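There are 4 protein chains.
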Amino acid sequence: MNKKFLVAGGDLRFVKLAEYLAEKGCFVYTLGFDSGIVLPSKIHTLKSLMSLNERADYMILPLPVSNDGLNVNMPYSGNTLPVTQLCSVLKENGVAFGGRFSDKIIKMFEDRKIETVDYSVREEFSVLNAEATAEGAVQVAMEETAFTLSGQKILIIGMGRIAKLLVHILSGFNAEVTIAARKYSDLAWAEVYGCKNIHISELKKNLGNYSIIFNTVPAVILDRENLEELDKGCLVIDLASKPGGVDFDTAASLGIRAVWLLSLPGKVAPLTAGETIGKTIFNILEERGEADD
Amino acid sequence: MNKKFLVAGGDLRFVKLAEYLAEKGCFVYTLGFDSGIVLPSKIHTLKSLMSLNERADYMILPLPVSNDGLNVNMPYSGNTLPVTQLCSVLKENGVAFGGRFSDKIIKMFEDRKIETVDYSVREEFSVLNAEATAEGAVQVAMEETAFTLSGQKILIIGMGRIAKLLVHILSGFNAEVTIAARKYSDLAWAEVYGCKNIHISELKKNLGNYSIIFNTVPAVILDRENLEELDKGCLVIDLASKPGGVDFDTAASLGIRAVWLLSLPGKVAPLTAGETIGKTIFNILEERGEADD
Amino acid sequence: MNKKFLVAGGDLRFVKLAEYLAEKGCFVYTLGFDSGIVLPSKIHTLKSLMSLNERADYMILPLPVSNDGLNVNMPYSGNTLPVTQLCSVLKENGVAFGGRFSDKIIKMFEDRKIETVDYSVREEFSVLNAEATAEGAVQVAMEETAFTLSGQKILIIGMGRIAKLLVHILSGFNAEVTIAARKYSDLAWAEVYGCKNIHISELKKNLGNYSIIFNTVPAVILDRENLEELDKGCLVIDLASKPGGVDFDTAASLGIRAVWLLSLPGKVAPLTAGETIGKTIFNILEERGEADD
Amino acid sequence: MNKKFLVAGGDLRFVKLAEYLAEKGCFVYTLGFDSGIVLPSKIHTLKSLMSLNERADYMILPLPVSNDGLNVNMPYSGNTLPVTQLCSVLKENGVAFGGRFSDKIIKMFEDRKIETVDYSVREEFSVLNAEATAEGAVQVAMEETAFTLSGQKILIIGMGRIAKLLVHILSGFNAEVTIAARKYSDLAWAEVYGCKNIHISELKKNLGNYSIIFNTVPAVILDRENLEELDKGCLVIDLASKPGGVDFDTAASLGIRAVWLLSLPGKVAPLTAGETIGKTIFNILEERGEADD
Chain A
78 MNKKFLVAGG
88 DLRFVKLAEY
98 LAEKGCFVYT
108 LGFDSGIVLP
118 SKIHTLKSLM
128 SLNERADYMI
138 LPLPVSNDGL
148 NVNMPYSGNT
158 LPVTQLCSVL
168 KENGVAFGGR
178 FSDKIIKMFE
188 DRKIETVDYS
198 VREEFSVLNA
208 EATAEGAVQV
218 AMEETAFTLS
228 GQKILIIGMG
238 RIAKLLVHIL
248 SGFNAEVTIA
258 ARKYSDLAWA
268 EVYGCKNIHI
278 SELKKNLGNY
288 SIIFNTVPAV
298 ILDRENLEEL
308 DKGCLVIDLA
318 SKPGGVDFDT
328 AASLGIRAVW
338 LLSLPGKVAP
348 LTAGETIGKT
358 IFNILEERGE
368 ADD
Chain B
78 MNKKFLVAGG
88 DLRFVKLAEY
98 LAEKGCFVYT
108 LGFDSGIVLP
118 SKIHTLKSLM
128 SLNERADYMI
138 LPLPVSNDGL
148 NVNMPYSGNT
158 LPVTQLCSVL
168 KENGVAFGGR
178 FSDKIIKMFE
188 DRKIETVDYS
198 VREEFSVLNA
208 EATAEGAVQV
218 AMEETAFTLS
228 GQKILIIGMG
238 RIAKLLVHIL
248 SGFNAEVTIA
258 ARKYSDLAWA
268 EVYGCKNIHI
278 SELKKNLGNY
288 SIIFNTVPAV
298 ILDRENLEEL
308 DKGCLVIDLA
318 SKPGGVDFDT
328 AASLGIRAVW
338 LLSLPGKVAP
348 LTAGETIGKT
358 IFNILEERGE
368 ADD
Chain C
78 MNKKFLVAGG
88 DLRFVKLAEY
98 LAEKGCFVYT
108 LGFDSGIVLP
118 SKIHTLKSLM
128 SLNERADYMI
138 LPLPVSNDGL
148 NVNMPYSGNT
158 LPVTQLCSVL
168 KENGVAFGGR
178 FSDKIIKMFE
188 DRKIETVDYS
198 VREEFSVLNA
208 EATAEGAVQV
218 AMEETAFTLS
228 GQKILIIGMG
238 RIAKLLVHIL
248 SGFNAEVTIA
258 ARKYSDLAWA
268 EVYGCKNIHI
278 SELKKNLGNY
288 SIIFNTVPAV
298 ILDRENLEEL
308 DKGCLVIDLA
318 SKPGGVDFDT
328 AASLGIRAVW
338 LLSLPGKVAP
348 LTAGETIGKT
358 IFNILEERGE
368 ADD
Chain D
78 MNKKFLVAGG
88 DLRFVKLAEY
98 LAEKGCFVYT
108 LGFDSGIVLP
118 SKIHTLKSLM
128 SLNERADYMI
138 LPLPVSNDGL
148 NVNMPYSGNT
158 LPVTQLCSVL
168 KENGVAFGGR
178 FSDKIIKMFE
188 DRKIETVDYS
198 VREEFSVLNA
208 EATAEGAVQV
218 AMEETAFTLS
228 GQKILIIGMG
238 RIAKLLVHIL
248 SGFNAEVTIA
258 ARKYSDLAWA
268 EVYGCKNIHI
278 SELKKNLGNY
288 SIIFNTVPAV
298 ILDRENLEEL
308 DKGCLVIDLA
318 SKPGGVDFDT
328 AASLGIRAVW
338 LLSLPGKVAP
348 LTAGETIGKT
358 IFNILEERGE
368 ADD
């Protein structure tokens, strides 16, 4: 694709993203990788926005776009880049892609007639990241236990994307997986994917049977009442976004190991996660009819 | 569960359903199995509606409830049973369960203050039946080919419930499965479930690569233009509901074997399909708070 | 490969084998396909041995080579071909490949200084055929039951090649598979492949738990004493070579459905089975250093 | 089982083994866990051999029995225990179980009429440990890479126990696995287990295609000539016993990450590995007819 991109800020995922775009034939500028990162020579690394001598078709901002609401999220740079400075880098009709724009930043771009598109809300983005999350969770389960996954009784709470992919991965390990869910259709999916299943209303009385529990539901299901039912050797891995699904203080007081793993894709598989962003953006361009010219 | 059911009409699925209900502790009358079917003694087989001496809590009607809009669908009976005759068999607040009620029959029951509930629209019903459909489709693929599934290049069009379960089953056969779909999230699911994937817009130019094609999309995708691309030895199995996904006349004229498989659960796995209806009805009762008394 | 083959006799597998050889660049004569079979034009179909005007490098005989000890096994021909007539069709140092030569036929070839090689005793031949056997067995299990394989409790007796591949295939169907075997290492394989397992000495008391039993051990394990333990609805599929593993008369008298499936690869997947013979012969030639010239 | 065991020396596996024996009803003494390990109260922990007031039926020695040829391998003890001191702890006809006895130690026991049995040479021991090894290898592959296993092209050299279990585990990760092996039957197993496969003679020219390579063959296959073919980002995981399968110095000089993982079961899954020793010893006792009394 014969288009010009500016990748501004971000972590290792965005380095890989820049490479991905370049491999697809795009012309890629990057900004914000001045701290110990060497990019391939086909990427045009800018020292500062001043060095950009032309306007880009698209700008790609990190995930999240900004941590403080003002400056671009640039962990691999010693410099600071206010988002407002990016308002004049795009050609007319250019698009600013980003992950989790704040309302304020969206409005700021809108005021400059710049369209913003959030790649992180796309369904395919979530599916592909769920694979990375599930792999990362399994890796931690292996690291944190002194037994094989083979033969373990494992509980997964929830039957969404991440849970389905945990089931898929764990099938190769011969673990006996049980799904706890509220919706009967989720229990049906558990059944046809070869899992035991229990309705969430039956959870408490079954909790003592498992050596590993993965939670994927963002509600504090593993509260004191439920945590007290667990086997003391049980490992709890919480994959739910805030507020999480575990009362961690109580778990600690009961001597139960519980870990809360957030943002796994960028941590355990930044290269894959960067490709995922690239694929998602290409899909968006395809749908907009801007991919092939 | 201490409730009285009348199972009126239906095929082998409903024989199994009656057994399922009886095993759960329900009192079960059946009507419409007088032609060569012997039911277990714990089932109370009625010769006619006249023999019913009490009112039931629930009535279960077949799928579909009626083929002609007037009489209950009773393939295992030599008799005829107008749906209207069922209006006085239930206790007050009883429920008439059925599959695909016509509007007219719903109205008829409503006029008698009888609530109708269609078990066939429940999501868990569809998921569990999708497993039976996928198994039946794989069985036919094995019967209709003179090669092993192992090593075959197989295309599945669509990535809904049935497609996902085909992928799951075929994973044990080492087939190389490709998904063709329109939505990018479906292609992402294909990827994380280990399949190759192509956007539907790229379908035509890839069609010559497969020895078996399963279609799950109810739109005539395999029209003349596409059928002409197929390898002559390719087997096409259409699992889509009407209008189906294949121009069968053209397929025949091109010498391509194409089969349209409808209503597989009741055909290849009536016992499982009967249990599925039973599970679904119990879930409904659970949600209504009528399950445990 | 620039060699001349004569494929003499055999069933559909040998038609496919002839095609396979031709696709690899070999020059292929066939003999014995005069009854309703049309071979691709690149195959040189002989009406009789008289039509062969040159000597071949290799001759491929069927599996088994002969049914009566005298004539070539030629089910697709109305003619008769005594094996002795094949003694002068090969060049010096040519090889006669065949499946299950009788001692008498081996001696007959030896007396003419013709080397015989049995492709059917090769390990890779057995492994590849085990896949076809396992698929065929699963197909029959699906055809003979009115329930899905998903959710069934299935017993496999033995843990050899066919059993291992049954386990692999059934994993896609979510069946709960138990292995019964005598060797502890086989039970260990069952465990690491995700199966329940019982020592054969514990078989009898567990036999009532299964809806499908596959036997792969060639010894009558399912005798009256054991058959009496089975659930009446249980389906028994015997895959063992003679003497088989089931007392079929007793099974019939007890009302238990039992089927003995022999020679499945040639029946359910003749095309794959033909390729398997071709691959095996190429491996042999590779090992002999005769493959690449 | 109503027998008395002395577990002398060993690492965490032998702590778990002691628990396993106690759970089976055996009376268990341990010796050599005085350094920071607390055993369950049902285990009879000896401070020294002097505290043993009766003779045991069986003695279980570590794996390996001794590191220096003289003293028992006791990593969790500050004390030293010469193997010779164990010659009077068993009843008549008692058995000394151990892993990798040296010839000298075997002779020492024989001279005292004590039978030695090496549990580590049992096939089921190797199979169960292969699962732990394969899991550990996959864990390291995940830790050492910045991409998901899903979608990777992975090469496994060899098709023995560990390789087969790697294939099984990786199937849940959607990796594209290729097997390189010398025996055609191993390539056939690769095929029926859904892997691509290449004969070892074709290895070199394919080596550039993979992002992860697992070697399971104890011969230096990845020498300079082959290492030079690898992609620079490729991760090499060597699971072969000595001499290993990789020229590590050359790999380092070429900038290729290569890790040699030995004795994984005891490291990544000591609890499972301890159970494996227990299961193996019970199998041996079962075969000797000493299990049930």
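Chains as they are written, first to last, in our numbering: chain A, 78 to 370; chain B, 78 to 370; chain C, 78 to 370; chain D, 78 to 370. Using N, Cα and C, we set each Cβ at its ideal position, and we do this for glycine too. Being a predicted model, the structure only gives us computed values, none of them experimental.
Next on the checklist: Does B/D188 come out as helix, strand or coil in the three-state DSSP assignment?
Outcome noted: Helix, per DSSP.
Checklist entry - Among A/R177, A/G146, A/G102, A/D111, which one has its Cα closest to the Cα of A/I137? => result Taking each of A/R177, A/G146, A/G102, A/D111 in turn and checking the Cα distance to A/I137, the smallest one comes out for A/R177.
Next on the checklist: Could you check whether the Cβ of C/N130 sits closer than 9 Å to any Cβ belonging to chain D?
Outcome noted: No, C/N130 lies away from the interface with chain D (no Cβ there is under 9 Å from its Cβ).
Next on the checklist: When you compare the region 238-258 of chain C with the region 318-337 of chain C, are there three or more beta-carbon pairs, one atom per stretch, that lie closer than 8 Å?
Outcome noted: With the cut-off at 8 Å, the region 238-258 of chain C and the region 318-337 of chain C do not touch.
Next on the checklist: Given a cut-off of 9 Å on the beta-carbon distance, is the pair D/C311 and D/Y287 in contact?
Outcome noted: Cβ distance < 9 Å, so D/C311 and D/Y287 count as in contact.
Checklist entry - What are the partner residues of D/Y135, as DSSP defines its beta bridges? => result As computed with DSSP, D/Y135 is found in a beta bridge with D/F82, D/V172.
Checklist entry - Listed from N- to C-terminal order along the chain, which residues in the region 246-269 of chain A have their beta-carbon within a distance smaller than 8 Å of any beta-carbon of chain C? => result Close to chain C, meaning a Cβ-Cβ distance shorter than 8 Å, are the following residues of the region 246-269 of chain A: S248, N251, E268, V269.
Item to check | Same chain, Cβ closer than 7 Å to A/E352, neighbours up to 5 away in sequence not counted | outcome: Contacts found: K93, Y97.
Checklist entry - Is the beta carbon of B/I358 sitting closer than 9 Å to the one on B/Y196? => result Closer than 9 Å, so yes.
Item to check | Close-in-space but distant-in-sequence residues of the same chain around A/N360 (CB under 8 Å, 5 per side omitted) | outcome: For A/N360, same chain residues with a beta-carbon under 8 Å away, outside a window of 5 residues either side, are R199, E201 in chain order.
Item to check | Option nearest C/L108 by Cα separation, candidates C/L89, C/F325, C/E100 | outcome: Cα-wise, what sits closest to C/L108 is C/L89.
Checklist entry - Under 7 Å Cβ-Cβ, which residues of chain A neighbour B/N360? => result Result: Y261.
Item to check | Rounded distance between the beta-carbons of C/D134 and C/G87, thought under 8 Å | outcome: Taking the Cβ atoms as the reference, C/G87 lies roughly 18 Å from C/D134, outside the contact range of under 8 Å.
Checklist entry - Taking 9 Å as the CB-CB limit, is C/S165 close to chain A? => result With a threshold of 9 Å between beta carbons, C/S165 makes no contact with chain A.
Item to check | A/D326, DSSP secondary structure in three states | outcome: DSSP places A/D326 within a helical segment (H, G or I) once states are collapsed to three.
Checklist entry - Closer than 7 Å, Cβ to any Cβ of chain B: which residues of the region 210-243 of chain C, in chain order? => result Those residues of the region 210-243 of chain C that come within reach of chain B (Cβ to Cβ, closer than 7 Å) are E212, Q216, M219, E220, A223, F224, T225, L226, S227.
Next on the checklist: Alpha carbons only, please: which of B/E192, B/P152, B/S203, B/I354 is nearest the one belonging to B/K241?
Outcome noted: Restricting attention to B/E192, B/P152, B/S203, B/I354, the CA atom closest to the CA of B/K241 is found in B/S203.
Checklist entry - Should the region 299-311 of chain A be regarded as contacting the region 177-193 of chain A, the criterion being three or more beta carbon pairs within less than 8 Å? => result With a cut-off of 8 Å, the region 177-193 of chain A and the region 299-311 of chain A do not count as touching, because too few Cβ pairs lie within range.
Next on the checklist: Tell me which residues share the same chain as A/W266 and place their Cβ nearer than 6 Å to its Cβ, disregarding the 5 neighbours each side in the sequence.
Outcome noted: Exclusion of the five residues before and after A/W266 leaves M236 as the residues of its chain whose Cβ lies within less than 6 Å of its Cβ.
Checklist entry - Should the region 268-283 of chain B be regarded as contacting the region 210-222 of chain B, the criterion being three or more beta carbon pairs within less than 8 Å? => result No: the two stretches stay apart, fewer than three of their Cβ pairs being nearer than 8 Å.
Item to check | Residue environment, C/S112, which counts as buried when at least 16 other CB atoms sit within 10 Å | outcome: Around the CB of C/S112, fewer than 16 other CB atoms lie within 10 Å, so the residue is classed as exposed.
Checklist entry - Within 10 angstroms of its Cβ, does B/R365 collect 16 or more other Cβ (buried), or is it exposed? => result Exposed, since its Cβ has fewer than 16 Cβ neighbours within 10 Å.
Next on the checklist: Quick check on the DSSP output: what are the complete alpha helix (DSSP H) runs of length 4 or more inside the region 198-247 of chain B, in order along the chain?
Outcome noted: Within the region 198-247 of chain B, the complete alpha helix (DSSP H) runs of at least 4 residues fall at 200-220.
Checklist entry - Could you give the residue range of the alpha helix (DSSP H) that holds B/L147? => result Looking at the DSSP string, B/L147 is not in any alpha helix (DSSP H), and its letter there is neither H nor E.
Item to check | Backbone secondary structure at A/Y196 - three-state DSSP | outcome: For A/Y196, the three-state secondary structure derived from DSSP is helix.
Next on the checklist: Here's the rule I'm using: 16 or more other beta-carbon atoms within 10 Å means buried, otherwise exposed. How should C/K81 be labelled?
Outcome noted: Flag for C/K81 reads buried.
Checklist entry - Any C-beta of chain A sitting closer than 9 Å to the C-beta of C/G102? => result No - not a single Cβ of chain A is within 9 Å of the one on C/G102.
Checklist entry - Quick one, which residues of the region 333-353 of chain A are near chain D if we go by CB-CB under 9 Å, in chain order? => result Those would be P342, V345, A346, P347, L348, T349, A350, E352, in chain order.
Next on the checklist: Under DSSP, the beta strand (DSSP E) around A/D315 begins and ends at which residues?
Outcome noted: Its beta strand (DSSP E) spans residues 312-315.
Next on the checklist: Please confirm whether B/G271 has its beta-carbon closer than 9 Å to some beta-carbon of chain D.
Outcome noted: At a cut-off of 9 Å between C-beta atoms, B/G271 counts as an interface residue with respect to chain D.
Checklist entry - Where does B/I358 fall in DSSP's three states? => result Taken through DSSP and simplified to helix, strand or coil, B/I358 comes out as helix.
Item to check | Nearest to B/T349 (by Cα), restricted to the options C/E367, C/L226, C/T210, C/D263 | outcome: Looking at the Cα atoms, C/L226 is the closest of the given residues.
Item to check | Which listed residue (B/D145, B/V166, B/K101) has its alpha carbon closest to that of B/L123 | outcome: It is B/V166 whose Cα lies nearest to the Cα of B/L123.
Checklist entry - With a Cβ-Cβ cutoff of 9 Å, do B/I277 and B/V254 count as a contact? => result At the C-beta level, B/I277 and B/V254 stay beyond 9 Å of one another.
Next on the checklist: Closer than 7 Å between beta carbons: that is the criterion. Which residues of the region 187-213 of chain A meet it against chain D?
Outcome noted: Listed by position, the residues of the region 187-213 of chain A near chain D (Cβ gap below 7 Å) are E208, A209, E212.
Checklist entry - Looking at the C-beta of B/T293, does it have a partner C-beta in chain F at a distance below 9 Å? => result Reference to chain F is not applicable here, since the protein chains of this structure are A, B, C and D.
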